[in-house]
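Q: Numbering-wise, the numbering used here comes out as the position in the sequence shown, counting from 1, plus 4.
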Amino acid sequence: MATDITMPKLGFDMEEGAISNWLKSVGETVKKGDPIAEVETEKATVEMESPADGALIEIVVPPGERVPVGTVVGRIGEPGEEPAEGAGPEEVPV
5 MATDITMPKL GFDMEEGAIS NWLKSVGETV KKGDPIAEVE TEKATVEMES PADGALIEIV
65 VPPGERVPVG TVVGRIGEPG EEPAEGAGPE EVPV
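1. As an exercise, report each continuous alpha helix (DSSP H) stretch of at least 4 residues that is fully enclosed by the region 37 to 74, in chain order.
2. Would you call V76 buried or exposed, if buried means 16 or more other Cβ atoms sit within 10 Å of its Cβ?
3. Taking A6 as the reference, give the member of G21, G37, E51 and D57 with the closest Cα.
4. Please name the residue in E19, M18, W26 and G84 whose C-alpha comes closest to that of I9.
5. Compare the beta carbon distance of L60 and S24 with 8 Å and say whether it is the shorter of the two.
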């Protein structure tokens, strides 16, 4: 089963952020803690780490799109796993 990658809350007052660059491509294998994307906030650009071992199976939010904290931006799963049907961005209340 896939693990959601969500927009992290990088500061007390952070409400949204943008993926400025994906460092991994769909299909690439990652280990928990590997840098997978760069998150841009109003104050800084920070590397986001993989929440699990596996492969990047889906990029939900393209670079440059601003989304609220907690929004699913991508998914990690087993190599070769397909994203679930109907999977897409979902907002998590903050």
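Here a beta-carbon is modelled for each residue, glycine too, at the ideal position from N, C-alpha and C.
A: With the structure as the only source:
1. none
2. buried
3. D57
4. W26
5. no
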